[in-house]
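S.K.: One structure follows; several queries about it will come next.
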């Protein structure tokens, strides 16, 4: 007699992060042994054997279920709503990629829905006191394994405690939010559309039998011959393996590591990383001005020259004069990701009706298809035009809405212009947008955007600027490379570069002149090299030591020698290399050394070269940093 399908996977570890949703392919090692005592169960007209400790319940029926989300994060959360796996991570990422596709999942422009036509036959559950059936090797590993990453890799973070068996057919859809318009929720639309979907659009990944689309009843009847794992049995279906630990202390230790493991292993989608590439360019073109408006103040709005897939985020306003200064142009790092979208329409803020001027002047606000998730960073001024119509496609060409995931809240600065003197029926004014104190693009290099309002009072609507979440130490390009291959290749490059001379020796000091200017470096063998500038790429092994018990020896990393002497020229804290306690100790030692020796005060530098380091040349104080 055949074993009842599902019994072989009940109690298995499960890959909830990067596995499939309710799929035998994501089951890992089985943690339990239910013995050789079997009973007979009948499903339909078929008989099966089943271990007696397992709970079986007949649950015959058909249903149509759907999940949806306006973002991949929302869709993932909806997918996890039944099991309620702990944590805010994108669980079941293989199902996301299989159902939707990685490219679609990475786009901010897409909404997602899935309809599941289900035939349920029965449910299986572990017995209430199932820990007594835990395999000896699994129990030992859960209680004693020191490397918790290996523990989770081997057994999964959770085990399968309940499941539904039967057959399923799945219909998935990806909707472009820029064109979607419906009075119904996405999940309702998905259920309405599944009946009209072409047969080839249906996936039956865990069932076989008759073709589905026009023969749903026949297909349902055939499921008994091809029983499959089709869904989880509620929020107790997936149980954290820490619940199997012998002591509360061990259970807490495993549970505490769980978020760290998920953070390391999770699949990233959409806005998890940088989405825009930005470039500073000059403002070359004065697009409009207020000449002829009669206003007491002068106003010009300027734009950059763009092309090659680059866009700008709005006009820049000046109190009169020609184009000057710089602005930003941007492009998507991953084309089609949805970080930038077209401006859908322009909402009028003001026009000079009533001024009786020969030409027209007006102010507009750009709106996206989704004003909640997308913004135009700057408003739009037209001056000296023949009508009061919205900006044409040609006039607004190159302006894009930007995702709010790429911006930070800003503040309104000083007034640039107002309409006093125009004799227009309504008031208007234009104000600078200033970045916040932290987290935004450096405003000293670019001219600010502006916000307009139909009054002479400071605007109170939200304003934003592009976000820059990292400091200058990590603005450089980064790549995953093979360390040794990269070293060999770069050695070849520098050795074959014309007019570049290479000298090898241990640098032990920085030579400083009478005026605290750097003059060069001194080496271990007494040879000095003089230069007006010195670049140090020291790694982190200056004065390195290896300790074994109370014995120590000077050493670097991976068989290298430690760099001696150079540390006595510097005080400060090496960042990103050791624990905070060790870094604090380094700071105290640096402070002591700075009072014993004083050579010179050189400007603090922040650099990114392989590792992050902040260096302060021997001062009588210690600098710390985040």
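In UniProt numbering, the protein residues as written are 1 to 626. Even glycine gets a Cβ: it sits at the ideal position worked out from N, Cα and C. Bear in mind the structure is a predicted one, so any value in this text is a computation, not a measurement.
Would you mind giving the Cβ-Cβ distance between residue 173 and residue 113, rounded to the nearest angstrom? I have them listed as a contact below 8 Å.
M.R.: That pair is a contact at about 5 Å.
S.K.: From what residue to what residue does the alpha helix (DSSP H) around residue 144 run?
M.R.: Where residue 144 is concerned, the enclosing alpha helix (DSSP H) stretches over 136-144.
S.K.: Pull up the CB-CB distance for residue 403 and residue 124, whole angstroms please, since I reckon it's below 8 Å.
M.R.: Contact doesn't hold; Cβ gap of about 44 Å is too wide.
S.K.: Which residue wins for smallest C-alpha separation from residue 419, given the options 304, 289 and 487?
M.R.: Here the closest residue by C-alpha is 289.
S.K.: Would you check if the distance between the CB atom of residue 340 and the CB atom of residue 330 is smaller than 8 Å?
M.R.: Their beta carbons are under 8 Å apart, which means residue 340 touches residue 330 by this criterion.
S.K.: Return the chain-ordered ranges of every beta strand (DSSP E) run that is complete within the region 312-348 and spans a minimum of 3 residues.
M.R.: Runs found: 316-318, 326-332 and 340-342.
S.K.: Can you list, in chain order, the residues of its chain with a C-beta nearer than 8 Å to that of residue 346? Leave out the 5 residues immediately preceding and following it.
M.R.: Counting only Cβ-Cβ distances below 8 Å, and skipping sequence neighbours, we find 364, 365, 366, 367, 380, 390, 391 and 396.
S.K.: Applying the criterion that 16 or more other CB atoms from any shown protein chain within 10 Å of the CB defines a buried residue, is residue 531 buried or exposed?
M.R.: Exposed is the call here.
S.K.: Could you check if residue 96 is buried or exposed, using at least 16 other CB atoms within 10 Å of its CB as the buried criterion?
M.R.: Residue 96 is buried by the Cβ-count criterion.
S.K.: Mind checking who residue 7 pairs with in its DSSP beta bridge?
M.R.: DSSP, once it has assigned bridges, lists no residue as partnering residue 7.
S.K.: Output needed for residue 261: all residues of its chain with C-beta closer than 8 Å, excluding positions within five of it in sequence on either side, in chain order.
M.R.: Excluding sequence neighbours, residue 261 sits near 148, 149, 152 and 157.
S.K.: In its own chain, which residues sit with a C-beta less than 7 Å from the C-beta of residue 387, not counting the 5 before and 5 after it?
M.R.: Cβ within range, chain order: 360.
S.K.: Can you tell me where the beta strand (DSSP E) with residue 452 in it begins and where it stops?
M.R.: It spans 450-453 - the beta strand (DSSP E) in which residue 452 sits, taken as one unbroken run.
S.K.: Is the Cβ-Cβ distance between residue 16 and residue 66 less than 8 Å?
M.R.: No, Cβ-Cβ distance for residue 16 and residue 66 is not below 8 Å.
S.K.: Using the rule of at least 16 other Cβ atoms within 10 Å of the residue's Cβ for burial, across every protein chain shown, is residue 285 buried or exposed?
M.R.: By the 10 Å Cβ count, residue 285 comes out exposed.
S.K.: Can you tell me whether residue 225 is helix, strand or coil according to DSSP?
M.R.: Helix, per DSSP.
S.K.: Put residue 358 into one of helix, strand or coil per three-state DSSP.
M.R.: If DSSP states are grouped into helix, strand and coil, residue 358 belongs with coil.
S.K.: Tell me whether residue 429 sits in a helix, a strand or coil according to DSSP, three-state version.
M.R.: Reduced to three states, the DSSP call for residue 429 is strand.
S.K.: Which whole-angstrom value is the C-beta distance of residue 281 and residue 377, which I expect to be below 8 Å?
M.R.: Not confirmed; about 16 Å, so no contact.
S.K.: Checking the sheet assignment: what are the DSSP bridge partners for residue 125?
M.R.: The partner list for residue 125 (beta bridge, DSSP) reads 55 and 162.
S.K.: Taking a contact to mean a Cβ-Cβ separation below 8 Å, would you say residue 13 touches residue 29 in this structure?
M.R.: Yes, Cβ-Cβ distance for residue 13 and residue 29 is below 8 Å.
S.K.: Contact between the region 310-321 and the region 409-424 is defined here as three or more beta-carbon pairs at a separation below 8 Å; is this criterion met?
M.R.: Touching, yes, given that three or more Cβ pairs across the two stretches are closer than 8 Å.
S.K.: Are the region 19-28 and the region 223-239 in contact at 8 Å, needing three or more beta carbon pairs?
M.R.: Yes, they touch.
S.K.: Quick one: Cα of residue 175 to Cα of residue 394, how far?
M.R.: Using only the alpha carbons, I get a separation of about 29 Å.
S.K.: Rounded to the nearest angstrom, what separates residue 202 and residue 497 at their Cα positions?
M.R.: Interpretation of residue 202 is limited by its pLDDT of 40, a score under 50 that renders its predicted location unreliable; the figure taken from the coordinates is listed afterwards. Between residue 202 and residue 497, the C-alpha separation is close to 59 Å.
S.K.: List the endpoints of the continuous alpha helix (DSSP H) containing residue 252.
M.R.: Residue 252 -> alpha helix (DSSP H) spans 248-265.
S.K.: Hey, residue 452 and residue 349 are a contact pair by Cβ (cut 8 Å); roughly how many whole angstroms apart?
M.R.: Between residue 349 and residue 452 the Cβ distance is about 5 Å, and since that is below 8 Å, they are a contact.
S.K.: Short of 8 Å in beta carbon distance, which residues of its chain neighbour residue 343, apart from the five on each side in sequence? Order them along the chain.
M.R.: Hits under 8 Å: 366, 367, 368, 376, 396, 399, 400 and 401.
S.K.: Evaluate residue 311 with the Cβ neighbour count: other Cβ atoms within 10 Å of its Cβ, from every protein chain shown; 16 or more gives buried, anything less gives exposed.
M.R.: It counts as buried.
S.K.: For a test of your reading of the model: does the CB of residue 24 fall under 7 Å from any non-hydrogen atom of the ligand PLP? Yes or no.
M.R.: Looking at this structure, you won't find the ligand PLP or any other ligand, since it has none at all.
S.K.: Comparing alpha-carbon positions, which option in 244, 90 and 520 lies nearest residue 135?
M.R.: If we check each option's Cα against that of residue 135, 244 comes out closest.
S.K.: Should residue 405 and residue 267 be called a contact, given that it needs their Cβ atoms to be closer than 8 Å?
M.R.: No. Outside cutoff.
S.K.: Can you tell me the Cβ-Cβ gap for residue 160 and residue 10, rounded? I've got them flagged as a contact below 8 Å.
M.R.: The pair is a contact, with the Cβ atoms about 6 Å apart (cut-off 8 Å).
S.K.: Which class does residue 470 belong to by DSSP, given the choice of helix, strand or coil?
M.R.: Summary for residue 470: the model assigns pLDDT 43, below 50, so the residue's position carries little reliability; its value from the coordinates is reported in the next sentence. In this structure, residue 470 counts as coil in the three-state DSSP scheme.
S.K.: On the three-state DSSP scale, how would you describe residue 241?
M.R.: Helix at residue 241.
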